[in-house]
Amino acid sequence: MTASRIPPADGTVAVVTDPARPPGRARPARTTAKQIRRSAWLFLLAPCALFLIFVLLPNVIAAVLSFTDYAIVGDTAWVGLENYARIVDDPYFWIALRNTAYYTALFVPMGFAIALGAALLLNRSRRAVRLFRTLFYVPVVSSTVATATIWYWLLNPQRGLLNVVLGWFGIDGPAWLYDSEWAMFAIVLMSVWATFGTNMIIFLGGLQGVPRDLYEAARLDGANAWQQFRYVTLPSLSRTSFLVSTLLIIAAFQVFDQAYVLTKGGPGNSTITMVYYIYDKGFGALEMGYASALSFVLFLIIMIFSIANAWISHPREKRKAAPR
Amino acid sequence: MTTISRPGVDDRVRSHSAPARRNTKPRRAGVTTACWYVAVVALSVVTVAPLVWTLSTALKPAGEILGGALNLIPENPTLQNFREAFTAVPFARYLLNSLIIGVGGAVTNVFFGGLGGYALAKLNFRGRKALFALFLSSLMIPGIVTMIPSFLILRYFPLAGGNDLLGQGGLGLINTYWAVLLPGAAGAFAVFFMKQFFETLPDELGEAARIDGASEFRIFAQIYFPLAKAGLAVLAILTFQAGWNNFLWPLIVLNNQEMMTVQVGLASFVNNYETNFGPLMAGTVLASLPVLAVFIVAQRYIIEGVAHVGSR
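As they're listed, the protein sequences go chains A and B. Reminder that position 130 of the first sequence reads as 130 in full-length UniProt numbering, one-by-one numbering, no gaps. Reminder that position 162 of the second sequence reads as 162 in full-length UniProt numbering, one-by-one numbering, no gaps.
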């Protein structure tokens with residue numbers, strides 16, 4: 001489509017302006033600058049159009065909806081801040097928020113530590129590294145739904161692999177997904193298992209950028225392995241750590257698939273997450289106005305945590321970025 | 001590590017710094033290596049065992065699943081579970097739907113993402129930086145905010161699916177492939193990814209062609225696009241995987257059983273086959289096999305691609 005349109009345009013521009021060509025190289029540069037500008041916008045037409053229709057417009061609509069009682073069917077009225085006021089008094093919102101906070105509080109540090117640990121393990125020049133890198137990454141490839149069904153079987157209280165293995169060590173495993181105390185923790189375990197590979201690869205990239213001579217210098221100063229990690233590796237990774245923790249926080253607050261597939265929010269509402277609740281309100285109860293308000297509240301929460309995370313990581317990052 | 005196993009070399013390098021440790025080094029290195037292998041093998045078991053167990057369950061007859069749950073190799077391997085998955089629900093149809101959505105998403109993102117990324121990386125125009133920042137910021141907005149409005153936009157899409165010019169009367173693009181393909185056809189991620197890739201290619205190639213009078217599209221299509229094959233392949237694989245594995249959005253916009261994707265079908269399987277683990281695991285294997293196959297073939301590129309994006 002774009003192909004057929006551009007060449008004639010180029011041709012005509014070149015022909016029309018050719019006779020007026022002043023000596024030297026200045027003129028072709030000017031016409032091509034114009035052509036380039038036009039082509040650039042043409043090339044970006046599809047992403048820009050889709051951005052307007054499916055990012056910008058939806059955000060505006062969501063903002064408007066959140067002040068109405070829109071429900072697809074029936075009349076729609078402007079309700080002002082009523083939806084937001086209702087959120088404060090909605091016990092399920094607080095349950096969902098508490099569950100999501102619990103999930104985030106476990107998932108982010110665990111996901112971070114295990115990804116970093118695995119990356120440290122793999123950060124050496126051995127031939128076997130590539131094999132193990134692949135094996136560590138394999139869970140990432142399956143979908144969250146497939147992961148959930150795998151773990152649904154794995155976590156089966158009587159015959160699941162996990163409780164059978166725990167039984168070998170004399171541990172009587174909990175009923176996991178059927179126990180309101182353990183269900184969310186099981187979902188955390190499953191999510192960490194399924195996603196740490198991606199962050200491990202990101203950390204590996206970061207580790208390979210740490211200058212070797214820093215370790216040499218630390219060793220000369222008599223630093224042990226822990227000190228090298230604490231004072232060389234960790235500070236050098238601050239940018240990568242910031243990226244990984246941000247990705248983890250954004251993902252954690254939007255957990256949905258596992259809770260939907262495995263527990264439908266149960267048992268005893270212990271796995272209702274924010275996105276699950278918004279989905280349920282918006283597409284189950286069709287209270288789209290209220291659901292939009294909820295989604296903005298979630299957006300706000302994610303932003304606050306991301307900014308807090310940036311604020312915590314910032315001083316270190318600055319110190320590191322300065323000498324570059 | 002390799003230098004440590006050759007004490008002669010090692011000593012010459014280090015003797016001035018740590019002479020006292022000279023004798024203990026090789027043995028300690030051996031212990032470290034052993035510990036390393038224990039750690040990586042243990043972690044590999046944790047990541048791989050559930051998948052092996054899933055496959056093994058899928059191949060076991062019902063009695064064996066409930067009886068000898070732990071033997072990894074089925075005594076009487078059977079394809080009965082797979083047969084049941086295909087007959088109980090239109091699983092073949094689900095696979096086809098997911099394939100169309102996965103491949104369609106990969107093709108449109110490679111083309112539009114390549115074109116857009118190229119423009120942002122190689123063409124100078126006013127507003128370039130602002131536009132890039134805008135795309136990048138859209139990656140930060142949680143999908144949940146745009147979920148309901150995007151659904152409404154697709155449902156009231158003018159002149160589609162029985163809708164009139166004002167978007168009334170029909171279901172719009174809901175329950176069509178477009179409902180999934182259109183919103184993600186030229187994602188910000190694809191543009192961002194390809195911009196980073198094109199920036200690594202030299203400007204001179206395009207300038208030379210421009211002096212020869214080549215059109216901008218030809219410069220892109222015949223010079224830069226072929227050079228970006230590696231990046232485009234990674235992008236194609238990542239978008240295929242994302243499309244194949246996507247759950248929440250297809251769940252919302254495709255609710256006709258004929259249109260369901262593998263993931264949505266599998267999720268409803270859990271409810272209908274609560275304790276019937278054989279067919280459920282067979283479905284899980286079927287839902288994972290295509291992405292797993294792609295991963296095994298192209299794993300090096302995928303991992304490098306993820307590292308590439310992460311390093312920015």
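From the three backbone atoms N, C-alpha and C, an ideal C-beta is built for every residue, glycine too.
>> Please report the straight-line C-alpha distance between I307 of chain A and L248 of chain A, rounded to a whole angstrom.
In response: 13 Å
>> Just to confirm the assignment, what range does the alpha helix (DSSP H) spanning residue 325 of chain A have?
In response: Outside the shown range of chain A, which is 1 to 324, sits residue 325 of chain A, and nothing can be said about it.
> Along chain A, in chain order, which residues have C-beta atoms closer than 8 Å to that of R210 of chain B?
Replying inline: T32
>> Does T2 of chain B pass the burial test, meaning 16 or more other C-beta atoms within 10 Å, or should it be called exposed?
In response: Low per-residue confidence applies at T2 of chain B: pLDDT is 37, beneath 50, and the placement is therefore not dependable, though the value from the model is reported in the following sentence. Exposed, since its Cβ has fewer than 16 Cβ neighbours within 10 Å.
> Can you name the residues that DSSP bridges to W78 of chain A?
Replying inline: A:T68
> Does the pairing of the stretch 151–165 of chain A with the stretch 74–86 of chain A give three or more beta-carbon distances under 8 Å?
Replying inline: no
>> Taking only three categories from DSSP, how would you classify T134 of chain A?
In response: helix
> Is L115 of chain B close to chain A, meaning its C-beta is less than 7 Å from at least one C-beta of that chain?
Replying inline: yes
> Does any CB atom of chain A fall closer than 7 Å to the CB of Q80 of chain B?
Replying inline: no
> Under 9 Å Cβ-Cβ, which residues of chain A neighbour N124 of chain B?
Replying inline: A33, I36, R37 and A40
> Are the Cβ atoms of T246 of chain A and N199 of chain A separated by less than 7 Å?
Replying inline: no
>> Within 10 Å of its beta-carbon, does A96 of chain A have 16 or more other beta-carbons around it, so buried, or fewer, so exposed?
In response: buried
> Which of the residues in the stretch 209–238 of chain B, read from start to end, lie with their CB under 8 Å from any CB of chain A?
Replying inline: R210, I211, G213, S215, E216, F217, R218, F220 and A221
> Is DSSP giving Q196 of chain B helix, strand or coil here?
Replying inline: helix
> How far does the alpha helix (DSSP H) with S241 of chain A in it reach, from first residue to last?
Replying inline: S238 to F253
> Under the three-state reduction of DSSP, which class applies to R21 of chain A: helix, strand or coil?
Replying inline: Because R21 of chain A carries a pLDDT of 45, less than 50, the predicted location of this residue cannot be relied on, and the following value inherits that uncertainty. Note: R21 of chain A maps to coil in three-state DSSP.
> Count the other CB atoms within 10 Å of the CB of P58 of chain A; is the residue buried (16 or more) or exposed (fewer)?
Replying inline: buried
> Does the Cβ of F277 of chain B have 16 or more other Cβ atoms within 10 Å, making it buried, or fewer, making it exposed?
Replying inline: buried
>> Closer than 7 Å between beta carbons: that is the criterion. Which residues of the stretch 178–189 of chain A meet it against chain B?
In response: none
> Residues of chain A with a CB under 9 Å from the CB of N245 of chain B: which are they?
Replying inline: V141, S142, S143, T144, V145 and A146
>> By the 9 Å beta-carbon criterion, what residues does the stretch 277–303 of chain B contribute toward chain A?
In response: F277, L280, M281, G283, T284, V285, A287, S288, V291, L292, V294, F295, I296, Q299, R300, I302 and I303
>> Taking CB distances under 7 Å as the criterion, tell me whether Q254 of chain A reaches chain B.
In response: yes
> Roughly how many angstroms lie between the CA atoms of P250 of chain B and N256 of chain B, to the nearest whole one?
Replying inline: 11 Å
> Exposed or buried, which one is V255 of chain A when buried takes at least 16 other CB atoms within 10 Å?
Replying inline: buried
>> Rounding to the nearest angstrom, what Cα-Cα distance links T68 of chain A and G167 of chain B in this structure?
In response: 20 Å
> What residues in the stretch 153–167 of chain B have a beta carbon less than 8 Å from any beta carbon of chain A?
Replying inline: I153
>> At the level of alpha carbons, what is the spacing between T17 of chain A and A62 of chain A?
In response: Note that T17 of chain A scores a pLDDT of 41, beneath 50, so its modelled location is shaky and nothing firm can be said.
> Anyone know if the C-beta pair for A148 of chain A and L298 of chain A falls short of 7 Å?
Replying inline: no
> Roughly how many angstroms separate the alpha carbons of G283 of chain B and L70 of chain B, rounded to a whole number?
Replying inline: 20 Å
> Relative to the C-alpha of Y156 of chain B, which residue among B:V253, B:H308 and B:L120 is closest?
Replying inline: B:V253
> Under the three-state reduction of DSSP, which class applies to F125 of chain B: helix, strand or coil?
Replying inline: coil
>> Quick check on the burial criterion: 16 or more other C-beta atoms within 10 angstroms. Buried or exposed for F192 of chain B?
In response: buried
> Are A46 of chain A and A186 of chain B closer than 7 Å when you measure CB to CB?
Replying inline: yes
> Can you give the beta carbon distance from L173 of chain B to L154 of chain B, rounded, assuming they're within the 8 Å contact cut?
Replying inline: 4 Å
> Whose Cβ in chain B lies nearer than 8 Å to the Cβ of A308 of chain A?
Replying inline: None at all; the shortest Cβ gap to chain B is about 15 Å.
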